[in-house]
Amino acid sequence: MAEYNPYENMLLILERAAGLLGLNKNDYRTLKYPERILQVSIPIEMDDGSVRVFEGYRIQHSSVRGPCKGGIRYHQDVDMNEVKALAAWMSFKCAVVNIPYGGAKGGIKVDPRKLTKKELERMTRRYTASIMPIIGPQEDILAPDVNTTPEIMGWVMDTYSMVKGVNVPGVVTGKPLEIGGSLGRVQATGRGVRIVTREIIKYLGLSPKQLTVSIQGMGNVGGTAARLLYKEGFKIVAVADITGGIRADAGLDIPAIQAYMEQGGALGSYEAPGVVKLENSDILTTQCDILIPATMENQLTAENANDVKAKIIIEAANGPTAVEADEIFNEKGIIVVPDILANAGGVVVSYFEWVQNINGQIWDLNKVNSSLEKIMVRSFNEVLGMKEKNDTTLRVGAYMLAIERLVAAKKIRGFFP
Ligand code: NAD
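The sequence shown begins at 2 in my numbering and counts up one residue at a time.
Here you go:
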């Protein structure tokens with residue numbers, strides 16, 4: 002089997018959606034290429050005095066609809082194709098929810114669990130300094146992603162501001178509240194996942210109480226989604242993270258599990274009456290109605306797609322479904338709510354944070370959450386409308402909506418020079 006390349010995955014869907022829109026190849030040709038790729042080497046003096054050099058990227062896919070926007074990921078599997086795909090998905094995501102941003106992404110190839118806190122801080126600051134020529138509140142705005150936290154966003158903001166000699170909170174979102182972060186940002190992606198889950202089951206005429214849920218990943222996004230869906234009455238029957246998985250047919254006590262994890266407990270070792278262990282890989286194929294992948298790309302593949310029991314998949318992660326798996330789900334009538342819609346809540350509230358930063362405002366939580374709700378529900382309905390009008394999937398419908406908006410903006414702006 003050919004090696005998985007998320008960028009190729011993205012291009013296949015782009016072509017399909019552009020074809021359905023009846024676009025001329027010249028109309029969308031630019032979307033197939035990132036505008037700018039910056040690769041940097043990040044030398045760090047480790048605590049023991051040795052020197053290590055990490056590989057980092059910042060890739061800007063499109064600035065046609067506004068400044069580039071996207072998270073930074075610290076993970077041992079980060080590479081150019083992954084960051085390129087993640088940057089393109091950001092352009093499409095911002096267009097789907099119709100916020101005035103383009104798309105970008107950054108990453109460092111590192112397992113951050115193997116660094117001390119001081120090493121992590123030095124690496125973050127040096128990375129920020131290295132990509133400084135192309136970032137800024139009107140150029141390209143950073144944010145959290147896998148293994149990057151509000152504290153790390155604070156170091157980004159401080160480094161940028163120190164070098165510029167002026168406070169620039171708008172260069173990064175997902176910051177701690179004390180330095181210009183927004184209320185509701187930490188929970189925003191998971192909250193968006195809850196909103197689209199509620200909307201899709203409403204569309205299908207189902208109610209939360211009838212439905213069981215399995216969630217892969219209990220970090221920022223998966224953990225928040227688990228908490229909010231549990232509160233809404235869904236029965237969360239299985240969850241897993243890097244330490245392992247657990248299942249309870251009668252439903253897991255999510256608040257108790259999260260309290261245990263906050264005390265430093267490993268999810269895979271959690272014990273309670275009725276709770277059984279689950280192999281990490283089985284979380285995706287365990288019996289449930291709704292499956293929420295919330296870890297990394299390429300989790301649902303040609304190998305395991307036929308074993309998936311869920312009727313609905315909500316892509317909380319970016320790119321969890323390979324194209325071959327998507328086709329299998331389509332044939333089997335499994336509904337997939339695509340990543341560029343399902344996990345867009347994070348970038349929406351990042352946008353609110355940036356608006357607050359550049360205008361010197363502080364919004365209350367009610368304003369943040371109600372504005373998020375409005376945008377997510379509107380976007381869901383627009384994607385659904387596109388899907389129904391063209392008799393296609395929600396994924397292709399979402400891409401069509403995004404491409405239509407990106408192409409329209411490009412046409413108006415024209416080419417330079
Ligand atoms: P995170 O680092 O907070 O959490 C990742 C979780 O995945 C952890 O619980 C980790 O243990 C688990 N995990 C990793 N490998 C696993 C494996 N093999 N099996 C089971 N669990 C595994 O990251 P996050 O911010 O929650 O991001 C998760 C996904 O959501 C990513 O695809 C990210 O791009 C996407 N996303 C995040 C945001 C955001 O605001 N943080 C926004 C949009 C999309």
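Each residue gets a CB set at the ideal place from its N, CA and C atoms; glycine is no exception.
### Task
Using beta-carbon positions only, say whether ILE376 and LYS94 come within less than 7 Å of one another.
Cβ distance not < 7 Å, so ILE376 and LYS94 don't count as in contact.
### Task
Tell me whether ILE237 counts as near the ligand NAD, meaning its Cβ is closer than 6 Å to at least one heavy atom of that ligand.
Look at ILE237: its beta carbon is at least 6 Å from all of the heavy atoms in the ligand NAD.
### Message
What residue range does the beta strand (DSSP E) around SER131 cover?
### Response
Taken as a continuous stretch (DSSP letters only), SER131 belongs to no beta strand (DSSP E), being part of the alpha helix (DSSP H) at 118 to 132.
### Task
Check whether the Cβ atoms of MET124 and LYS106 sit closer than 7 Å, and answer yes or no.
No.
### Contacting residues, own chain, Cβ-Cβ under 7 Å from MET2 (five flanking each side not counted)
Legend: pLDDT at MET2 = 46, less than 50; position of this residue unreliable, value from coordinates given subsequently. Correct list: empty, nothing qualifies.
### Message
Looking at ALA311: is its Cβ nearer than 7 Å to the Cβ of ALA295?
### Response
For ALA311 and ALA295, no; Cβs fall outside 7 Å.
### Helix, strand or coil at TYR58 according to DSSP, with G and I counted as helix
DSSP places TYR58 in strand when its eight states are reduced to three.
### Task
Starting from the C-beta of GLU12, find all residues in its chain whose C-beta is less than 7 Å away, skip the five residues before and the five after it, and write them out in chain order.
The displayed chain sequence assigns Leu, not Glu, to residue 12. Closer than 7 Å at the Cβ level, and outside the excluded window around LEU12, lie LYS33.
### Query
If LEU301 and PRO321 are in contact, beta carbons under 8 Å, what's the gap, nearest whole angstrom?
The C-beta distance from LEU301 to PRO321 rounds to 6 Å, short enough to meet the 8 Å contact threshold.
### Task
Answer with buried or exposed for ARG379, where buried requires no fewer than 16 other C-beta atoms within 10 angstroms of its C-beta.
Per the 10 Å Cβ criterion, exposed.
### Query
When you compare only the Cα positions, how much space is there between TYR75 and LEU212?
Looking at the backbone, the Cα of TYR75 and that of LEU212 are separated by about 34 Å.
### Task
Name all residues in chain order for which at least one heavy atom of the ligand NAD lies closer than 6 Å to the residue's CB.
The set, ordered by position in the chain, is PRO145, ASP146, VAL147, ASN148, THR190, GLN217, GLY218, MET219, GLY220, ASN221, VAL222, GLY223, ALA241, ASP242, ILE243, ASN281, ALA295, THR296, MET297, ALA317, ALA318, ASN319, ASN344 and GLY347.
### Message
On the DSSP letters alone, give me the boundaries of the alpha helix (DSSP H) that GLU354 sits inside.
### Response
Element bounds for GLU354: 346 to 360.
### For THR213, the residue or residues it bridges with in DSSP
Answer is LYS236, bridged to THR213.
### Message
Within a Cβ cutoff of 6 Å, which residues of the same chain sit near THR149, ignoring the five residues on either side of it in sequence?
### Response
The beta carbon of THR149 sits closer than 6 Å to the beta carbons of ILE73 and TYR75 from its chain, once the five residues preceding and following it are set aside; these are given in chain order.
### Message
Quick check on DSSP: helix, strand or coil for CYS95?
### Response
Correct three-state label for CYS95: helix.
### Message
Please report the distance separating the alpha-carbon of ASN6 from that of ASN82.
### Response
Approximately 7 Å between the Cα atoms of the pair.
### Task
Tell me whether ARG66 is buried or exposed, calling it buried when 16 or more other Cβ atoms sit within 10 Å of its Cβ.
Flag for ARG66 reads buried.
### Task
Indicate whether TYR128 and ILE43 have their beta-carbon atoms separated by less than 7 Å.
Here TYR128 is near ILE43, since their CB atoms are less than 7 Å apart.
### Message
Using the Cβ count rule (16 or more neighbours within 10 Å means buried), how would you classify SER344?
### Response
Residue 344 is actually Asn in this sequence, not Ser. ASN344 comes out buried.
### Query
By the 10 Å Cβ neighbour count, where 16 or more other Cβ atoms means buried, how is GLN61 classified, buried or exposed?
Within 10 angstroms of the beta-carbon of GLN61 lie 16 or more other beta-carbons, which makes it buried.
### Query
Under 7 Å between the Cβ atoms of GLN188 and THR225?
Cβ distance < 7 Å, so GLN188 and THR225 count as in contact.
### Task
State the Cα-Cα distance for the pair ILE293 and GLY234, rounded to the nearest angstrom.
Each residue's alpha carbon lies about 16 Å from the other.
#### Entry: Coil, strand or helix - ALA86 by DSSP
Of the three classes helix, strand and coil, the one that applies to ALA86 here is helix, per DSSP.
### Task
Express the C-alpha separation of MET219 and GLY386 in angstroms, rounding to a whole number.
One C-alpha to the other measures close to 32 Å.
### Task
Excluding the 5 residues preceding and the 5 following VAL408 in the sequence, name in chain order all residues of the same chain whose CB lies nearer than 7 Å to its CB.
So the list reads LEU24, ASP28 and TYR29, once near-sequence residues are dropped.
### Task
Measure the Cβ-Cβ separation of ASN360 and PRO170 and say whether it is below 7 Å.
ASN360 places its beta carbon 7 Å or farther from that of PRO170.
### Range covered by the beta strand (DSSP E) that runs through ALA1
Since the first residue shown for the chain is 2 and the last is 418, residue 1 is missing from the structure and cannot be characterised.
### Query
What residues match up with LEU285 in a beta bridge as DSSP calls it?
LEU285 pairs with nothing; no bridge assigned.
### Endpoints, the alpha helix (DSSP H) within which LEU205 is located
For LEU205, no alpha helix (DSSP H) segment is defined, and its DSSP state is neither H nor E.
### Query
DSSP beta-bridge partners for GLY137?
Partner(s): ASP141.
### Message
Under 6 Å: does the beta carbon of ARG406 sit that close to some heavy atom of the ligand PLP?
### Response
This structure lacks the ligand PLP; the ligands present are the ligand NAD.
### Query
For ILE250, which residues from the same chain have a beta carbon less than 7 Å from its beta carbon, with the 5 sequence-adjacent residues on both sides left out?
Strictly speaking, residue 250 in this sequence is Asp, with Ile absent from that position. Excluding residues within five positions, the ones whose Cβ falls inside 7 Å are VAL238.
### Task
Consult DSSP for ILE180 and reduce its assignment to one of helix, strand or coil.
Correct three-state label for ILE180: helix.
### Message
Checking 7 Å against the spacing of the C-beta atoms, do PRO145 and GLY175 come in under that value?
### Response
Cβ atoms of PRO145 and GLY175: closer than 7 Å.
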